[in-house]
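Note sheet for the following structure.
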Amino acid sequence: MLDLAEIGALLEGIQKPGRYIGKEFGIKSKKPGYLLKNPGTVNTALVFPDVYEVGMSNLGLQILYKIINSSPRFNAERAFSPWFDFEDRLRKSCTKLFSLENRIFLDCFDLIGFNAAHEMLYTNIVNAIDLSGLAIRSSERKSLFPLVCCGGSAAVNPWPISAFMDFMVIGDGEAVISLILETISSYKDKYLSDRTSYLENYFSLQQLKKEMLRSLGQLEGVFVPSLYSLVYNRDNTVKKIIYSGGKEDKNAKKVKKATVKDLDSFEIPADPVVPNIQTVHDRLNIEIMRGCGRGCRFCQAGFIYRPLRQKKVKNLINKSIEGLMQTGYDEISFTSLSSSDYRNLKKLIEKVTGSDLFEKISISLPSLRLDSFSLEIAEMIQSGRKTGLTFAPEAGSQRLRDIIKKDISADELRESIRAAFLKGWTKVKLYFMVGLPFETDDDIKAIAETTNEIIDLARQCLDKRGFSRLQLGVSINAFCPKPFTPFQWCAQEKIYKLEEKIRAVRQSINSRFVKLHGNDPEKSSIECAFARGDSRLSDVIESAWRSGAKFDNWADYFDYGLWKQSFAKAGADPDFYTIRQYGLNETLPWDVIDIGIKKDYFIKEYSKAMQGKKLNDNKI
Amino acid sequence: MIIRFKYCKKNEARYLSHLDMLRILSRSVARAGIEAALSRGFNPKPRITLSNPIPLGVQSLAEYADLEVDAYLDASYFIKKINACLPENITVIAAASTESKLKSLMSVIDIVLYDFILEAVQNINLDKIKSFIAAYDSSSIYRFEAEAQQKKIFLLKIYGYVKILKYNSNRIFKFNDFNIALKEFAESNGLHIKSSKKTAAFIIKQERLADPFEEVV
Ligand code: SF4
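Taken in sequence, the protein lines are chains A and B. First residue of the first sequence: 1, per my numbering; consecutive thereafter. First residue of the second sequence: 1001, per my numbering; consecutive thereafter.
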């Protein structure tokens, strides 16, 4: 543990030292005295592999933190990626990464759990393992603890980071975290009861670790990489998936995603840790539902978080008000993938806006659909302030929206935006993608046409003052085919093509009124490679990390050249994972995971998309 | 009415900035169920103003803040309530309320007192320390005291200006600059700075140093 003087010396001259000090309101970890008295406590470090301000905005972290700490036998503490200057300080002073609560070095925990919220965090995960003083590859970590695991959307295809993980959690963490910790606890007890002999006998210790990992592998949603391997064909596709965890299995045992059946059976965290320094989403986050039933064909979240589960509105109302009082936040955000679909949305918003608190707080409701109901809701929460509206048509043309199954009609879109302008909104943000399957030049043109049409609508509907304040944001991102979607087989468009398309949109919109944003296609292509990657990509990640890649999600630090070199050094071809059309009969690396939806369904959806293309082509 | 309160930020809390403190106090007030008066506008914020910012990394035993409330609020009730809702290392130690208008803390506070504890490895004459301070930019220091607390432990009290006074062609005391100079001096004289913290803030009233609470009648 680091004491106050030691941390003081480390923090001298460091930017934003508030990132590293903890001591916020709402901390739930055990005290050092408790841990000393109860050496059997299972200690977990929950790590979000980005800076504090980003990680503390993550709801999953707060949920698991609360569940673990509610048990007297488990302790959870938080850690985040140190920024460049602090990492440098840690390395120069040979100080290992530590948790914020008790400043325990990460290698002293029993379990280190990473949130792999997206693929661009992989290098930060590896870096954090290294900063903890551990070997980055699980095969080289010989001590029993800490075990290193991760979960999150970028773990549903477990292979690319599998070499660094002892196990991975697929699906809802709440559903299995207690079982995982129980399992670890029983092995920890076993170990503590006969510690000296385990320490003296290397093989019995390795045996114990193996047994522990096997028991973990029996739990729903737990994937243990050391029990599986991929065998490749000569053309680099996967020949088969081998499971070595049991004698009887000829076919690899699939890992079934862990699912919380009843979300209401978990308490909504109304008392999260309230950061002392400003964070990215500095507000009370309340999840209203999980999953999405719409099934847009490009959307991974829409499939991997199924089924759609809605929380009881009464609980939500109570917990929202309780949460605002307990945290003192002046903003609340109701989170979900598609808020307009929450069945009691209006009631929820009515109750919260009707409470005494409302004059002091603001409500944010991301991911609204573009329809009249949503506008009504937006009016209720933005009464007077009209901060802005965000909509995601995703594709410019009706034809392509049908293909990707984004069911907004052109009329609906026009009417809703017209209504928004008439009601006084002047700030609108639109999301589009380029490089979608079956896209033609006309679809690209349609993005600019739609945008220009919206400018015309604004001119008609807004008065002079309103029009002068018009802020139209258009975000254009490259499509990235992801596992567990009907488009998982599709080739990603070549980078230069994507760039051309983005340029084409830029040139044909009336840029005086529009701000264009969007992710860099180069980054999108690396993301795609990892999303659809296999076990060979662990070498690429290691090589990139060794050449200094980290914070890849930060535009200033993402270095495409470095990634290309790292692929080459590891002997992997990024094109194989990105611009290649995967075969429908191919064994996919992520076939090892049972996400709850059959492959046949994805194939059916994919062929429907293809037919959609043909139908409309004939019409034209 | 206005509640003027004094709080300390110790240990890790020294790394919280002025803006952090504003946000933390606002949220703590809300958590405590205290109805703060709100600013106007679309994003109403509780009306809290703070005393002069201190450098990041310096502990303070004497930070001040003014909180405006709409209804009567008992000062000792306020202390009890808010202390249950503040993060660790931040504690309110005194409060007083008034119905009259107060000039903002930043506009009235003239002097901030910093305590430095120096530890000597070898013998050093107190006068040498005194003459170092006397030689430092004296127009930024209102007054200072230096005394030996034990053998080899010295306490320096520096009363620095935080404001330029019209009648007095003084300069503003910059903690960080002084700290660097003191460090250099200490290093070359077998001393080291054991601790430094802000311990008081004052208003100059007819040649006398007055506590900011004196304003509250
Ligand atoms: S894009 Fe939105 S509406 Fe469509 S499936 Fe994904 S989350 Fe649901």
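No residue lacks a Cβ here, since even glycine has one placed at the ideal position from N, Cα and C. Given the structure is predicted, the values throughout are model-derived calculations rather than measurements.
Comparing alpha-carbon positions, which option in A:V51, A:N519 and A:A458 lies nearest N477 (chain A)? A:N519
Are the C-beta atoms of L4 (chain A) and some chain E residue less than 8 Å apart? You won't find chain E in this structure, because its protein chains are A and B.
Among A:K613, A:P486, A:S524 and A:S193, which one has its Cα closest to the Cα of G583 (chain A)? A:P486
Within 10 angstroms of the Cβ of P32 (chain A), are there 16 or more other Cβ atoms? Answer buried if so, exposed if not. exposed
Within the chosen definition, does the stretch 1026–1037 of chain B reach the stretch 1068–1076 of chain B through at least 3 CB pairs nearer than 8 Å? yes
Beta carbon of R294 (chain A): closer than 7 Å to some heavy atom of ligand 1? yes
Please work out which residues of its chain come closer than 6 Å, Cβ to Cβ, to F167 (chain A), disregarding the five sequence neighbours upstream and downstream, and give them in chain order. C149, L216, V222 and V224
Would you call the CB atoms of V156 (chain A) and A258 (chain A) closer than 8 Å? no
I'd like to know if A1030 (chain B) contacts chain A, where contact means its C-beta is closer than 8 Å to some C-beta of that chain. yes
Determine the DSSP secondary structure at Y1161 (chain B), reduced to helix, strand or coil. strand
Given Y65 (chain A) as reference, the closest of A:L365, A:F84, A:K319 and A:I27 once Cα atoms are compared: A:I27
Residues of chain A with CB under 7 Å from E1088 (chain B), in chain order? K23
Who are the near neighbours of N236 (chain A) in its chain, counting only those whose CB is closer than 7 Å to its CB and skipping five residues on each side? F576
If we call anything under 8 Å between Cβ atoms a contact, is I1117 (chain B) one with I1153 (chain B)? yes
Inter-residue spacing [alpha-carbon to alpha-carbon] between D1115 (chain B) and D282 (chain A): 35 Å
How long is the line joining the alpha carbons of E287 (chain A) and Y305 (chain A), rounded to whole angstroms? 13 Å
Can you find a heavy atom of ligand 1 that lies under 7 Å from the Cβ of S700 (chain A)? Residue 700 (chain A) falls outside the range modelled here, since chain A spans only 1 to 620, and no answer is possible.
Runs of beta strand (DSSP E) lying entirely within the stretch 288–332 of chain A, each at least 3 residues, in chain order: none
DSSP three-state assignment for F25 (chain A), whether helix, strand or coil: strand
What does the alpha-carbon distance come out to for the pair K397 (chain A) and T44 (chain A)? Per the sequence shown, residue 397 (chain A) should be read as Ser rather than Lys. Those two C-alpha atoms are separated by around 49 Å.
Supposed close pair P1087 (chain B), K30 (chain A) - CB separation, criterion 8 Å: Their Cβ separation, rounded to whole angstroms, is 18 Å, which puts P1087 (chain B) and K30 (chain A) out of contact at 8 Å.
Going along the stretch 204–218 of chain A in order, which residues come within less than 8 Å of chain B, judged by CB to CB distance? none
With 8 Å as the limit, tell me which residues of the stretch 1009–1029 of chain B have their beta carbon closer than that to any beta carbon of chain A; keep them in chain order. N1011, E1012, A1013, Y1015, L1016, S1017, L1019, D1020, R1023, I1024, S1026, R1027, S1028 and V1029
CB N124 (chain A) to CB F551 (chain A), shorter than 8 Å? yes
Given this structure, state the Cα-to-Cα distance separating I579 (chain A) from L59 (chain A), to the nearest angstrom. 34 Å
Would a C-beta distance cut-off of 8 Å place F80 (chain A) and D107 (chain A) closer than the cut-off? no
In the DSSP assignment, find the unbroken alpha helix (DSSP H) run with K445 (chain A) in it and report its ends. D441 to C461
Verify whether the separation of the beta carbon atoms of C296 (chain A) and L308 (chain A) is less than 8 Å. no
Alpha carbons only, please: which of A:R91, A:V505 and A:D110 is nearest the one belonging to A448 (chain A)? A:V505
For N1275 (chain B) and chain A, any beta-carbon pair shorter than 8 Å? Here chain B comprises residues numbered 1001 to 1217, so residue 1275 (chain B) is not present and cannot be evaluated.
What in chain B is Cβ-close to S362 (chain A), meaning under 8 Å? N1043
Given 7 Å as the limit, tell me if C108 (chain A) has its C-beta closer than that to any heavy atom belonging to ligand 1. no
Please list the partners that L1038 (chain B) has in chain A, where partner means a Cβ-to-Cβ separation under 9 Å. E359 and K360
Considering only heavy atoms of ligand 1, does any lie closer than 7 Å to the CB of C149 (chain A)? no
If we count the other Cβ atoms within 10 Å of its Cβ and call it buried at 16 or more, is M1 (chain A) buried or exposed? exposed
Output the boundary residues of the beta strand (DSSP E) element that contains V1029 (chain B). Looking at the DSSP string, V1029 (chain B) is not in any beta strand (DSSP E); the run it does join, the alpha helix (DSSP H), is H1018 to R1031.
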